[in-house]
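All remarks here apply to the structure that follows.
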Amino acid sequence: MSDTSPTSRTGRQFGPYRLGRLLGRGGMGEVYEAHDTVKDRTVALKLMSQELNSDDTFRRRMQREAHTAGRLQEPHIVPIHDFGEIDGQLYIDMRFIEGEDLGSLLARTGALPPPRAVAIITQVAAALDAAHRAGVIHRDIKPENILITGDDFAYLVDFGIAAAATDQQLTKTGTAVGSWRYMAPERFADDETTYRSDIYGLACVLYESLTGSPPYQTQNLSALMAAHMMQPVPRPSQARHDIPAAFDRVIDRGMAKNPADRFSTAGELARAAREALSAPDRDRAATIIEHTQHPGPPPPPLPAPSGPVTQPHWTPPVSHPTYAAPPPQGPAHPAPQWRPAPAPRRNRWLLPAAALVVVVLLAGAGIWLISGSRGGGGRNEASSTATSPAAGSAAVTTTAAPSAAPLVTAAQLGSLLLTEQEVNTSVGTTGILLDHNVSEMKDPGPENSLSDERCLGALIGFQTRTYKSSGYTGMSAQLLQKPNANPGYVVVQGSAVFASARQAADFVAAQAESWQYCAGKSVTQVNSGKTSEWTFGQLSGNPPNIALTRTLADSPVICQHVLSAVSNAVFDVNVCAPGVINQARLIANKMATKLPK
1 MSDTSPTSRT
11 GRQFGPYRLG
21 RLLGRGGMGE
31 VYEAHDTVKD
41 RTVALKLMSQ
51 ELNSDDTFRR
61 RMQREAHTAG
71 RLQEPHIVPI
81 HDFGEIDGQL
91 YIDMRFIEGE
101 DLGSLLARTG
111 ALPPPRAVAI
121 ITQVAAALDA
131 AHRAGVIHRD
141 IKPENILITG
151 DDFAYLVDFG
161 IAAAATDQQL
171 TKTGTAVGSW
181 RYMAPERFAD
191 DETTYRSDIY
201 GLACVLYESL
211 TGSPPYQTQN
221 LSALMAAHMM
231 QPVPRPSQAR
241 HDIPAAFDRV
251 IDRGMAKNPA
261 DRFSTAGELA
271 RAAREALSAP
281 DRDRAATIIE
291 HTQHPGPPPP
301 PLPAPSGPVT
311 QPHWTPPVSH
321 PTYAAPPPQG
331 PAHPAPQWRP
341 APAPRRNRWL
351 LPAAALVVVV
361 LLAGAGIWLI
371 SGSRGGGGRN
381 EASSTATSPA
391 AGSAAVTTTA
401 APSAAPLVTA
411 AQLGSLLLTE
421 QEVNTSVGTT
431 GILLDHNVSE
441 MKDPGPENSL
451 SDERCLGALI
461 GFQTRTYKSS
471 GYTGMSAQLL
481 QKPNANPGYV
491 VVQGSAVFAS
501 ARQAADFVAA
511 QAESWQYCAG
521 KSVTQVNSGK
531 TSEWTFGQLS
541 GNPPNIALTR
551 TLADSPVICQ
561 HVLSAVSNAV
571 FDVNVCAPGV
581 INQARLIANK
591 MATKLPK
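Counting with UniProt numbering, you get residues 1 to 597 for the letters of the sequence shown.
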């Protein structure tokens with residue numbers, strides 16, 4: 001990166017730091033070689049981007065994560081000296097390391113000799129296991145976050161920064177392709193991130209170190225997401241014939257789609273990789289590792305964060321999740337008999353044309369809804385006069401108390417729908433148009449079926465059999481799509497009103513049980529003779545707010561279905577589009593802001 005860039009801050013004074021050469025720039029900020037004029041030492045100073053500086057949530061999370069990461073005392077973790085905020089600019093002060101990141105090394109030299117690759121991965125694994133035992137998850141394992149010195153000593157960097165950013169922020173900051181090449185499948189499904197997501201990333205880095213290319217090679221985010229979630233784990237021995245086939249088993253287990261099937265620790269992955277080497281290469285790897293076993297002095301105690309006098313006080317979020325550390329390291333357990341994962345079943349109906357894919361998406365998002373008046377121009381014309389099919393509510397308890405917001409009437413439901421512009425903004429595209437309004441529910445006809453009827457409500461919203469006996473008294477919904485799009489975009493937004501907030505919350509709790517049953521399953525849908533196969537992800541959230549993703553075979557499109565109870569209304573939103581992360585939940589949240597105060 002040139003120091004003469006118009007936006008480079010080289011030569012400027014930043015608090016006690018005199019900024020030197022620009023070491024790197026990415027979506028999350030810039031890194032400078034800097035001189036700490038107070039402590040008289042050279043440091044690596046990371047300055048967060050303006051977008052992250054203005055994000056209060058990121059600020060709080062960075063303070064928490066950096067403080068925790070700064071206490072890690074493992075030789076292969078770059079120590080954090082200090083962190084804080086100066087004149088509104090967030091920064092992290094780290095030990096300066098003379099070296100080259102692994103991404104640059106691979107770009108310059110290509111694939112590494114297997115013993116060298118294994119030696120580097122072994123060091124990174126030691127850093128990860130130390131962090132995981134302390135309850136710290138890195139969340140952004142990739143070659144660019146691994147620094148290699150001249151003697152092949154490896155450091156893992158960016159603890160406290162990657163962990164503070166959400167997946168959506170990683171996307172917005174432009175780092176998506178770079179980070180998503182190594183991202184575990186469960187993170188695309190909006191599931192809770194555990195330390196095994198780091199193990200998946202480490203296996204991806206090992207694959208690239210051995211072959212010179214990432215496991216899935218595409219610049220298209222939707223295709224990349226679908227590959228991690230659906231495609232078989234690639235075999236390094238097929239990419240390079242001089243790689244021992246034993247590495248296929250290591251990568252297959254490290255990149256297992258189910259987190260529980262992966263190695264229990266990063267160290268276990270590293271030991272399996274060493275065992276996969278030939279005997280001479282094992283000795284070569286041991287020699288490299290032996291030369292890197294000269295731990296430096298432990299980092300000094302982390303000072304209180306620096307910042308202005310008016311720095312806001314931080315308190316942990318009430319619902320901040322805790323993560324269990326992995327079990328202590330021990331001798332590696334023998335890996336189970338390895339068989340390559342079968343290729344996803346190909347569906348002959350999905351191969352010919354984009355138009356058929358759109359038809360399938362409509363069927364899997366709400367085409368079985370009764371069509372009302374054809375819409376246009378974003379007008380919310382849906383009436384809300386449907387009556388409840390049965391009295392009473394499901395006898396289910398919820399995990400959260402229902403909202404105390406004012407009750408909603410059936411006549412108000414149409415006003416809660418987003419405009420076309422709001423839907424496009426939420427999905428992150430343009431050209432989505434209103435197809436039709438819906439004012440009553442209906443079950444699929446005899447020409448439409450699902451292989452497991454228990455998953456109908458998880459697949460499609462506003463079905464009579466899903467809502468019957470729930471106590472709903474009215475509904476209003478819309479189906480929107482992007483005409484002639486390839487891949488397709490389909491959105492169903494709407495809400496149902498109940499007699500009470502308790503009934504609304506109980507309905508979502510009952511659906512959570514059904515959705516949990518469907519999680520991880522594949523179902524076959526037949527719509528007017530056309531067959532399609534859907535695979536559900538894992539259930540995320542808790543009643544009264546739940547979400548479930550699903551993927552369509554042979555398509556880059558991801559769908560998310562959300563149910564959210566607020567007051568006596570249940571927002572039922574389905575979004576199918578390339579690159580879906582949490583757009584259905586975003587639409588449901590925006591609809592909730594339109595509730596009467």
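Note that CB positions come from ideal geometry on N, CA and C, so glycine has one too. These figures come from a predicted structure and were not determined experimentally.
Where does the unbroken alpha helix (DSSP H) through residue i begin, and where does it stop?
| i | result |
| --- | --- |
| residue 425 | 420-427 |
| residue 18 | That residue, residue 18, is in no alpha helix (DSSP H); its beta strand (DSSP E) goes 17-26. |
| residue 288 | 279-291 |
| residue 53 | 50-53 |
| residue 30 | From DSSP, residue 30 is part of no alpha helix (DSSP H) but of the beta strand (DSSP E) over 29-36. |
| residue 449 | Not the alpha helix (DSSP H): residue 449 falls in the beta strand (DSSP E), residues 448-450. |
Which residues mark the beginning and the end of the beta strand (DSSP E) in which residue i is found?
| i | result |
| --- | --- |
| residue 94 | 89-95 |
| residue 473 | 472-481 |
| residue 434 | 433-438 |
| residue 533 | 530-536 |
| residue 527 | 522-527 |
| residue 496 | 490-498 |
| residue 410 | Premise fails: residue 410 is in no beta strand (DSSP E) and is neither H nor E. |
| residue 578 | 569-578 |
| residue 561 | 557-566 |
Please classify residue i: does DSSP put it in a helix, a strand, or coil?
| i | result |
| --- | --- |
| residue 599 | No answer is possible for residue 599: the residues shown for the chain start at 1 and end at 597. |
| residue 7 | coil |
| residue 122 | helix |
| residue 243 | coil |
| residue 195 | helix |
| residue 590 | helix |
| residue 41 | strand |
| residue 85 | strand |
| residue 517 | helix |
| residue 205 | helix |
| residue 551 | strand |
| residue 252 | helix |
| residue 155 | strand |
| residue 210 | helix |
| residue 269 | helix |
| residue 104 | helix |
| residue 462 | coil |
| residue 13 | strand |
For residue i, does the count of other Cβ atoms within 10 angstroms reach 16, so buried, or fall short, so exposed?
| i | result |
| --- | --- |
| residue 276 | buried |
| residue 142 | buried |
| residue 421 | exposed |
| residue 38 | exposed |
| residue 135 | exposed |
| residue 71 | exposed |
| residue 435 | buried |
| residue 597 | exposed |
| residue 279 | exposed |
| residue 271 | buried |
| residue 483 | exposed |
CA-CA distance, residue i and residue j?
| i | j | result |
| --- | --- | --- |
| residue 464 | residue 419 | 26 Å |
| residue 203 | residue 256 | 10 Å |
| residue 540 | residue 94 | 35 Å |
| residue 112 | residue 210 | 6 Å |
| residue 490 | residue 577 | 7 Å |
| residue 233 | residue 253 | 9 Å |
| residue 24 | residue 457 | 48 Å |
| residue 282 | residue 76 | 21 Å |
| residue 515 | residue 590 | 23 Å |
| residue 84 | residue 44 | 14 Å |
| residue 444 | residue 437 | 17 Å |
| residue 243 | residue 292 | 24 Å |
| residue 553 | residue 559 | 12 Å |
| residue 615 | residue 207 | Any property of residue 615 remains undetermined from this structure, which presents the chain solely from 1 to 597. |
| residue 153 | residue 16 | 30 Å |
| residue 13 | residue 155 | 28 Å |
| residue 383 | residue 496 | Because residue 383 sits at a pLDDT of 35, beneath the cut-off of 50, its placement in the model cannot be relied upon, and the following sentence gives the value as read from the coordinates. Each residue's alpha carbon lies about 12 Å from the other. |
Quick one: is residue i near chain C, going by C-beta distance under 9 Å?
| i | result |
| --- | --- |
| residue 539 | The question asks about chain C, but that chain is absent: this structure has only one protein chain. |
Taking 8 Å as the threshold, find out whether the segment 82-100 comes into contact with the segment 181-189 through three or more Cβ pairs. no
For the segment 474-491 against the segment 499-514, do three or more pairs of beta-carbon atoms, one drawn from each stretch, fall closer than 8 Å, so that the two count as touching? no
With three or more beta-carbon pairs closer than 8 Å as the criterion, would you say the segment 55-69 touches the segment 77-91? yes
If contact is defined by three or more beta carbon pairs under 8 Å, each pair taking one atom from either stretch, is the segment 112-122 in contact with the segment 45-52? no
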